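Novice: When we follow this note's numbering, the leftmost residue of the sequence shown carries the number 27, and every step to the right adds one.
Got a structure here, written out as structure tokens. Questions coming.
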Amino acid sequence: MKLYLALILLLPLLGGLFNALLGRMLPRRLGEAIACGVIWGAFVCAVLVLLQFTGPTKIEYGSWLAAFDLQAPIAIYLDQLSLGLTLMITFVCGLIHLYSVGYMREEPDFARYFALLNIFVFAMLVLVLAGNLPLLYLGWEGVGFCSYALIGFWYREEKNATAGRKAFIVTRVGDTAFGIAIVWMFQISGSVSITQLNAMGSLIPAGIVTALGILLLIGAAGKSAQLPLSVWLPDAMAGPTPVSAQIHAATMVTAGVYLLARMFPLIGGSEAVRAAIALTGGVTAFYAAASACRQRDLKRILAYSTISQIGYMVLGVGVGALTAATFHLLTHAFFKALLFLAAGCVITALHHQQDIFRMGGLKERLPAVYWPFLAGALCLAGFPLTGGFFSKDAILGAVFERGGPLYAGLFALGLLTALLTAFYTFRMLLVVFHGEENLPHPHPDPPREGEGIHSALPSVMTVTLWPLALLGLLGGILNLPSYLGVHGLLDGFLGDMPGLMRPEPLSHGTEMILQLVAATVSLAGLGLARSRYAGSRRAAVLAAEEAGSKLSDFLLNGWRLDDLYRLLFIRPFERIARLCWKGVDEAGIDGALDGLARLTARLGRLPAAWSSGRVATSLFGLAGGVCVLLAYVAWLITG
27 MKLYLALILL LPLLGGLFNA LLGRMLPRRL GEAIACGVIW GAFVCAVLVL LQFTGPTKIE
87 YGSWLAAFDL QAPIAIYLDQ LSLGLTLMIT FVCGLIHLYS VGYMREEPDF ARYFALLNIF
147 VFAMLVLVLA GNLPLLYLGW EGVGFCSYAL IGFWYREEKN ATAGRKAFIV TRVGDTAFGI
207 AIVWMFQISG SVSITQLNAM GSLIPAGIVT ALGILLLIGA AGKSAQLPLS VWLPDAMAGP
267 TPVSAQIHAA TMVTAGVYLL ARMFPLIGGS EAVRAAIALT GGVTAFYAAA SACRQRDLKR
327 ILAYSTISQI GYMVLGVGVG ALTAATFHLL THAFFKALLF LAAGCVITAL HHQQDIFRMG
387 GLKERLPAVY WPFLAGALCL AGFPLTGGFF SKDAILGAVF ERGGPLYAGL FALGLLTALL
447 TAFYTFRMLL VVFHGEENLP HPHPDPPREG EGIHSALPSV MTVTLWPLAL LGLLGGILNL
507 PSYLGVHGLL DGFLGDMPGL MRPEPLSHGT EMILQLVAAT VSLAGLGLAR SRYAGSRRAA
567 VLAAEEAGSK LSDFLLNGWR LDDLYRLLFI RPFERIARLC WKGVDEAGID GALDGLARLT
627 ARLGRLPAAW SSGRVATSLF GLAGGVCVLL AYVAWLITG
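What follows is the structure in structure tokens.
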């Protein structure tokens, strides 16, 4: 097992280094094969680890940080949570790498792309498997750097470079809070081992636990795009679509949820922290779902849906339902990767058109994309019996079980969010694939009968959609509700995980009623979307109807959080910077130096006047010098 765990980390790293150093000099196909092969090799190793797994295991490979009292070895901690995420990351990212071969087929800088994509996976695996916080933080910063580099991959366009910088800067806020928490935990306990810190939860004063929990929540909010640090993710759509799939489904944005779940035995003892986590997740889920209802850009709709679905996971962690949160994390990885990859097929087929109101009628033109996209949409909308339905309902059931005014309000907010989710999901589906076409024929030759435009897409792009579609639809098998008379697989797998909290199970009748309510909400969202967007009305008419109102503009701009932050932070910072530039640097420092230079120049003109070369001036100077010399001699004689 020790060898397999090492290979899980080393294979993506070696693949990334190979493409970074040699990718430009070797055949393209070789670089692509190695980039994909190392990820699938890591997945095979993860499966072999699963077959040998008997319980939580800690393995050390050597010393990394050892200074003074700090001991942070290169240690892997493997338990049910980290193993489950490792399997998901390697499998989903393996499909994304295969898809990238087709999507980036015309990209000349493919070596840089695949190198960053491999290292991205390596960093996420380090984060998930780390046995101590410094090593976890290394992976944490690694995914941050790779996301910055891949979001701004086409950096020659200013907007892409700006989006990458924005993601990097906004997430720094959360990273700083997380870094402070690590230092504080070491100062308190003398340890940075995750298992040791989690075991000390009852020994640390409650006030300190609360403060540490808030710091970790801020760190998680940055990486997982939760309020108030969610503004970077919609702009992150500037990167290649497979990058968006990897960020949203299997790597970066799930890191914050993993951090909260991993450290929950330490911080979960504080009711204030649990309430703050739940409130953050619930409010973020609603905010993002409402924003998605008026987006026009296909990828931005999916971006806001990710923020919302991650909000559900954070809400689940806040109520202590770690199994439900992990369940939704896994099912979401499948259907969100599917939706992004299918969206990439649509965008490629339409020559990089992303405005949904410039699409329409693509069901017949792209059948190989439509059916997987439909599967992903059903999962996202929580349509009955899909994986997304069961996992989302598990979280809502756990929130309902907690009771009390706060959690009753969050349960109602979660149901409203589910309604909005179903609405914007089917809005997207109906406008893009149904109705009248609103774009000139995207292919120079009209399709032959039985042949849609999907024939112009590389087969590797469409084939990779189907495994994700099946996993999304059947993902509920991972943790079926107890009233069906079966014990959930995920419940059994995570059952012995240290520090796991189990909310009181709902009665079978209550559980069935809640699922009936959730199904009704999903179908109601479908009905609302169908009543407005189904039929033969042209997308241009629908777009005109949505435009113009203040509410639509408010939601389209993400509740104008960017404007708020520009007002509160960016403009004051610019004023302070201008004051330092004009007042301190130019007027103060530069002024003092310039004044000193002018004074030196003026003083220099005095002796310069005596060196003009004129005879009269020289004789006058000679006479003066003789006078001074005679005066000095006289002083010596008399004195």
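Beta carbons are placed, not taken as given, at the ideal position from N, Cα and C, and that holds for glycine.
It should be emphasised that the depicted structure is a prediction, and the values quoted were computed from it without experimental measurement.
(1) What three-state label does DSSP hand I230 in the structure shown?
(2) Does the beta-carbon of G248 have 16 or more other beta-carbons within 10 angstroms, so that it is buried, or is it exposed?
(3) Is the beta carbon of T451 sitting closer than 7 Å to the one on G370?
(4) Using the rule of at least 16 other Cβ atoms within 10 Å of the residue's Cβ for burial, across every protein chain shown, is K576 buried or exposed?
(5) Going by beta carbon distance, what residues of the same chain come within less than 6 Å of K192, once the five residues before and after it are set aside?
(6) Alpha carbon to alpha carbon, how far is R453 from Y559?
(7) Answer with buried or exposed for L662, where buried requires no fewer than 16 other C-beta atoms within 10 angstroms of its C-beta.
(8) Among the candidates L367, A329, F383, L142, whose CA atom is the shortest distance from the CA of P398?
(9) Out of curiosity, what's the CA-to-CA distance linking V547 and L516?
(10) Taking the straight line between their C-alpha atoms, what separation do you get for V340 and A276?
(11) Just to confirm, are G342 and A311 a CB contact at a threshold of 7 Å?
(12) Check this for me: beta carbons of F386 and G461, under 7 Å apart or not?
(13) Here's the rule I'm using: 16 or more other beta-carbon atoms within 10 Å means buried, otherwise exposed. How should V654 be labelled?
(14) State the DSSP-derived secondary structure class of I100, mapped to helix, strand or coil.
(15) Please state the DSSP three-state secondary structure of T643.
(16) Compute the Euclidean distance between the alpha carbons of G190 and E183, then round it to the nearest angstrom.
(17) Less than 7 Å separating the beta-carbons of M27 and V169?
(18) Got a sec: does the ligand GTP put a non-hydrogen atom nearer than 6 Å to the Cβ of L238?
(19) Taking Cβ to Cβ, would you say T352 is nearer than 7 Å to S417?
(20) Scan the region 165-241 and note each continuous alpha helix (DSSP H) run of 4 residues or more that stays entirely inside, going in chain order.
(21) Measure how close the beta-carbons of V73 and L37 come, nearest whole angstrom, since I'm counting them as under 8 Å.
(22) Quick one: what does DSSP say P472 is sitting in, helix, strand or coil?
(23) In three-state DSSP terms, what is E132?
(24) Excluding the 5 residues flanking R54 on each side, which residues of the same chain have their C-beta closer than 7 Å to its C-beta?
(25) Using the C-alpha atoms, what's the distance from L328 back to P473?
(26) Evaluate F646 with the Cβ neighbour count: other Cβ atoms within 10 Å of its Cβ, from every protein chain shown; 16 or more gives buried, anything less gives exposed.
(27) Let me know the secondary structure DSSP gives N505 once reduced to three states.
(28) Just to confirm before moving on: does the CB-CB distance between L540 and G423 stay below 7 Å?
(29) Can you pull the DSSP bridge partners for A84?
(30) Under 7 Å, do L455 and A403 count as touching if we go by C-beta distance?
(31) Rounding to the nearest angstrom, what Cα-Cα distance links L542 and D419 in this structure?
(32) With distances taken from CA atoms, which of T202, T306, V218 is nearest A251?
(33) To the nearest angstrom, how far is the alpha carbon of E537 from that of L411?
(34) Could you check whether the region 132-147 touches the region 171-185, counting it as contact only if at least three pairs of C-beta atoms, one from each stretch, sit closer than 8 Å?
(35) Which one or two residues does DSSP pair with D381 in a beta bridge?
(36) Does the distance from the CB of L56 to the CB of V486 come in under 7 Å?
Specialist: From the atom records:
(1) The answer is coil: DSSP assigns I230 none of H, G, I, E or B.
(2) Counting Cβ neighbours within 10 Å, G248 comes out buried, since at least 16 surround it.
(3) With contacts defined as CB atoms closer than 7 Å, T451 and G370 fail to qualify as a contacting pair.
(4) Burial is judged here by how many other beta carbons sit within 10 angstroms of a residue's own beta carbon; K576 has fewer than 16 and is exposed.
(5) Excluding residues up to 5 positions away in sequence, W258, D261 lie with their Cβ nearer than 6 Å to the Cβ of K192 in the same chain.
(6) If you take the alpha carbons of R453 and Y559, they lie about 6 Å apart.
(7) That one is exposed.
(8) The shortest CA-to-CA distance from P398 to any of L367, A329, F383, L142 is the one to L367.
(9) Separation of V547 and L516 (C-alpha to C-alpha, rounded to the nearest whole angstrom) is 26 Å.
(10) Whole-angstrom Cα-Cα distance: 16 Å.
(11) Against a cut-off of 7 Å, the Cβ pair of A311 and G342 comes out as no contact.
(12) For clarity, residue 386 is Gly in the given sequence; the question names Phe instead. With respect to the 7 Å criterion, G386 and G461 are classified as neighbours on the basis of their beta carbons.
(13) Exposed is the call here.
(14) In the structure shown, I100 falls within a coil segment according to DSSP collapsed to helix, strand and coil.
(15) DSSP places T643 within a helical segment (H, G or I) once states are collapsed to three.
(16) Approximately 11 Å between the Cα atoms of the pair.
(17) For M27 and V169, no; Cβs fall outside 7 Å.
(18) Among the components of this structure there are no ligands whatsoever, and the ligand GTP is therefore not found.
(19) One thing to note: T352 has its Cβ no nearer than 7 Å to the Cβ of S417.
(20) If one requires a minimum length of 4 residues, the alpha helix (DSSP H) runs lying completely within the region 165-241 are 184-215, 220-225, in chain order.
(21) About 14 Å separates the two Cβ atoms, so there is no contact after all.
(22) In this prediction, P472 has a pLDDT of 45, which is less than 50 and means its spatial position is unreliable; what the coordinates show is noted afterwards. It is coil, neither helix nor strand.
(23) E132 falls in the coil class under three-state DSSP.
(24) Closer than 7 Å at Cβ, skipping near neighbours: F136.
(25) Caution applies to P473, whose pLDDT of 43 falls short of 50 and renders its modelled position unreliable; the model cannot decide the point.
(26) By the 10 Å Cβ count, F646 comes out exposed.
(27) DSSP places N505 in helix when its eight states are reduced to three.
(28) A contact, by the Cβ cut-off of 7 Å.
(29) One point to set straight first is that residue 84 is Lys, not Ala, in the sequence displayed. Under DSSP, K84 shares a beta bridge with Y103.
(30) Yes, the Cβ-Cβ distance between L455 and A403 is below 7 Å.
(31) Roughly 10 Å between the two C-alpha positions.
(32) Per the Cα distances, T306.
(33) Each residue's alpha carbon lies about 14 Å from the other.
(34) Because the criterion of three Cβ pairs below 8 Å is met, the region 132-147 and the region 171-185 touch.
(35) According to DSSP, which records beta bridges pairwise, D381 is partnered with D323.
(36) No, Cβ-Cβ distance for L56 and V486 is not below 7 Å.
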